[in-house]
Amino acid sequence: MTEKIVIIGAGAAGIGAGLALQALAVPFVILEASDRVGGRAYTDKTSFTTHWDQGCSWLHCADVNPLVSWADKLGAVYESEDNSEKALFWSENHWLDMPERSSVHRHITNRFASIYATAKQGHDVPISAIPDHDGIGAVIAKTMVQLMCSDEPERASAAGYADYIDTNVNWVVTSGYGDLINRMAVGLPIRTGTEVSAITYRRGGVSVQTNSGQIDARAAIVTTSTNVLRSGKIDLPSGPVQQLLNLIEEVPCGTYEKIAIALEHYPFDPLDNEAVWINPDPGINPVYFQIARGGQPMLIAHVAGSQARDLVNAGANAMVDFATQNLTTAFGSSVQKLICGTAATSWQTNRFIQGGYSCARPGAGNNRRNMIDLDTGVIAFAGEAFSLPWYGTAHGAYQSGKDVASRLALHLNLKKSNLNRYLALFKQ
Ligand SMILES: Cc1cc2nc3c(=O)[nH]c(=O)nc-3n(C[C@H](O)[C@H](O)[C@H](O)COP(=O)(O)OP(=O)(O)OC[C@H]3O[C@@H](n4cnc5c(N)ncnc54)[C@H](O)[C@@H]3O)c2cc1C
13 MTEKIVIIGA
23 GAAGIGAGLA
33 LQALAVPFVI
43 LEASDRVGGR
53 AYTDKTSFTT
63 HWDQGCSWLH
73 CADVNPLVSW
83 ADKLGAVYES
93 EDNSEKALFW
103 SENHWLDMPE
113 RSSVHRHITN
123 RFASIYATAK
133 QGHDVPISAI
143 PDHDGIGAVI
153 AKTMVQLMCS
163 DEPERASAAG
173 YADYIDTNVN
183 WVVTSGYGDL
193 INRMAVGLPI
203 RTGTEVSAIT
213 YRRGGVSVQT
223 NSGQIDARAA
233 IVTTSTNVLR
243 SGKIDLPSGP
253 VQQLLNLIEE
263 VPCGTYEKIA
273 IALEHYPFDP
283 LDNEAVWINP
293 DPGINPVYFQ
303 IARGGQPMLI
313 AHVAGSQARD
323 LVNAGANAMV
333 DFATQNLTTA
343 FGSSVQKLIC
353 GTAATSWQTN
363 RFIQGGYSCA
373 RPGAGNNRRN
383 MIDLDTGVIA
393 FAGEAFSLPW
403 YGTAHGAYQS
413 GKDVASRLAL
423 HLNLKKSNLN
433 RYLALFKQ
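In this note's numbering, each number is its position in the sequence shown, counted from 1, plus 12.
Put into structure tokens, the structure is as follows:
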């Protein structure tokens, strides 16, 4: 069968691409390998009596985030306040007092400023090579960098990191970010359970090989994670596409996982805080627990990099034990009696995702820019890894899908009648 454009992947990028093509009245189909829509945007509604987001949960850069207007349009509920500085810290057997907490926040601000300053000087070095002081502030800042890169600071380029334009306004979607992305996709032609194994050129376009047959199209937009692309699971032609794959090799996804612990009630006042940091031992990474909003009391541990990889490999029970031990260290063994449910993610071992989100390796700080600039013709690429100012995020993925689809539609010689729609889309 012949479609005009085939989109591979129904995550935020694929949906962004689909919505753009729909607005331009260009025929398309979205092929999704898994049995659900959303990719790394996934609101789990079955593990607990309440929902929780296994993937994205914050509208990052919320003051400029294009998905905020979608949230408003579709009636999603989000916290329109940034509370990220409101955190409890447990370290070296005590809860930090206010002056100590302020000092940690100052340290974090300075640490991120030094990463951006290093990048501005043109140094494409590992983030870990930028000198820092000792102490709890440094340990927390290191873990924050690790969460933001989904990998160790040793494996992240300072120059690549600083492409992200952070407005420092982050709002949680309490009704579920995955749910929002799903609702944006309602009505789009999406075929789930359709895994793409190869894309080849043919006269006048491309042929897309799937587990349920071949689809011929004028063009394809690939939106899978960089780790899926690096794994070679989709056979792609030589030429500029291979050039792109070479660049992607140094922009892999790290690992980012969550462990949700549902509680009868919180062992502290949750209203004044957004998170709890627990640092059981100065020699290891502290653990960040997000305080869930919008339902059952729940603390969600976020882990990244090799620690997350080890935990996923050890299995869901080991992940839950890890989170429980940390909570016990800070709140005492009585906290265990409050636990009424648990769940853990496994993005790393999900064969259609294979990781957290993309991060440029030291020395490859320019690769993301080059990936975006490279013209790969009728086999185009989009996704979180292809956003410069908002890489690693759901809204960056959405915007990249929308931009790539609009450009491709123009490249395929839109009918004149559609040109006005195209121009209108860019004004949005
Ligand atoms: C734990 C975690 C927490 C996060 N937190 C946040 C956050 O708070 N805020 C934020 O903005 N971002 C966050 N992110 C990042 C955000 O979720 C992603 O950047 C974004 O969802 C990626 O969208 P995408 O469309 O680029 O890729 P994906 O969501 O990976 O979509 C690609 C799709 O392609 C499909 N696919 C793969 N292989 C094939 C194939 N062969 N054939 C057909 N289909 C295929 C996949 O199943 C998937 O559905 C988080 C990510 C993780 C893992």
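Cβ atoms here follow ideal geometry from the backbone N, Cα and C, with glycine treated the same way.
Given the structure is predicted, the values throughout are model-derived calculations rather than measurements.
What's the C-alpha gap between A421 and L33?
-> 7 Å
Closest to I20 by CA distance: which of D163, V184, L386, I391 is it?
-> Ranked by Cα distance from I20, the first of D163, V184, L386, I391 is I391.
Distance, Cα to Cα, V18 vs D65?
-> One Cα belongs to V18, the other to D65, and the distance between them is close to 28 Å.
DSSP three-state assignment for H106, whether helix, strand or coil = strand
Under a three-way DSSP split, which group does H314 fall into?
-> Here DSSP, grouped into helix, strand and coil, assigns H314 to strand.
How is Y278 classed by DSSP in three states: helix, strand or coil?
-> coil
Is it the case that the Cβ atoms of G367 and A394 are separated by a distance below 8 Å?
-> no
Go through its chain and collect everything with a Cβ distance to G244's Cβ below 8 Å, but skip five positions before and after it.
-> none
Out of curiosity, what's the CA-to-CA distance linking A99 and P201?
-> 43 Å
Taking the C-alpha atoms as reference points, what is the distance between V49 and G147?
-> 43 Å
Cβ distance (whole Å) where V263 is taken to contact S126 below 8 Å = The pair is not a contact, with the Cβ atoms about 23 Å apart (cut-off 8 Å).
Identify, in the order they occur along the chain, each residue of the same chain with its Cβ nearer than 7 Å to the Cβ of T361, setting aside the five sequence neighbours on each side.
-> Only V324 meet the Cβ criterion.
Hey, quick one: how far does the alpha helix (DSSP H) through C265 stretch, first residue to last?
-> Here C265 belongs to no alpha helix (DSSP H), and DSSP marks it neither H nor E.
How about I152 and I120: are their beta carbons less than 8 Å apart?
-> yes
Spell out a yes or no on whether the region 39-54 and the region 196-213 are touching, meaning 3 or more CB-CB pairs, one atom from each, closer than 8 Å.
-> yes
Between which two residues does the beta strand (DSSP E) carrying R373 extend?
-> No beta strand (DSSP E) contains R373, which DSSP labels as neither H nor E.
Could you check which residue in G67, S96, K57 has the C-alpha nearest to that of N285?
-> S96
Check whether the Cβ of H407 lies closer than 7 Å to any heavy atom of ligand 1, and answer yes or no.
-> yes
Among G199, T238, V218, M196, which has the Cα closest to the Cα of F364?
-> T238
Please find out if some non-hydrogen atom of ligand 2 comes closer than 7 Å to the beta-carbon of L31.
-> Looking at this structure, you won't find ligand 2 anywhere; what it does contain is ligand 1.
Any idea what DSSP makes of G87, helix, strand or coil?
-> Reduced to three states, the DSSP call for G87 is coil.
Grab me the residues of G307's own chain with a C-beta within less than 6 Å of its C-beta, minus the 5 sequence neighbours each way, in chain order.
-> T62
Return yes when the Cβ of V185 is within less than 8 Å of the Cβ of A83, no when it is not.
-> In contact: A83 and V185 (Cβ atoms closer than 8 Å).
Identity of the residue in G225, D94, G149, S162 nearest C265 by Cα | S162
Are the CB atoms of A397 and F60 nearer to each other than 8 Å?
-> no
Are the Cβ atoms of A342 and W102 separated by less than 8 Å?
-> yes
Which parts of the region 337-406 are runs of the alpha helix (DSSP H), unbroken and 4 residues or longer, counting only runs that do not cross its ends?
-> 347-350, 379-385
Near ligand 1: W289 beta-carbon under 7 Å from a heavy atom = no
Could you tell me whether any non-hydrogen atom of ligand 1 is closer than 7 Å to the CB of W183?
-> Result no, Cβ not under 7 Å from ligand 1.
Which of helix, strand or coil does DSSP assign to K16?
-> strand
Outcome for E164 when other beta-carbon atoms lying within 10 angstroms are tallied against a minimum of 16 | In the assembly as shown, E164 is a buried residue. Its beta-carbon has 16 or more other beta-carbons within 10 Å.
Where N95 falls: helix, strand or coil (DSSP) = coil
Indicate the three-state DSSP secondary structure (helix, strand or coil) for P292 in the structure shown.
-> coil
Can you find at least 3 beta carbon pairs, one from the region 322-338 and one from the region 250-261, that sit closer than 8 Å?
-> By the Cβ criterion, the region 322-338 is not in contact with the region 250-261, since fewer than three pairs of Cβ atoms, one from each stretch, lie closer than 8 Å.
Output the residue ranges of the alpha helix (DSSP H) runs that lie fully inside the region 169-200 and measure 4 residues or longer, sorted by chain position.
-> 170-173, 189-196
With a CB to CB cut of under 6 Å and the five nearest residues on each side skipped, what residues in its chain are close to G28?
-> Y410, G413, K414
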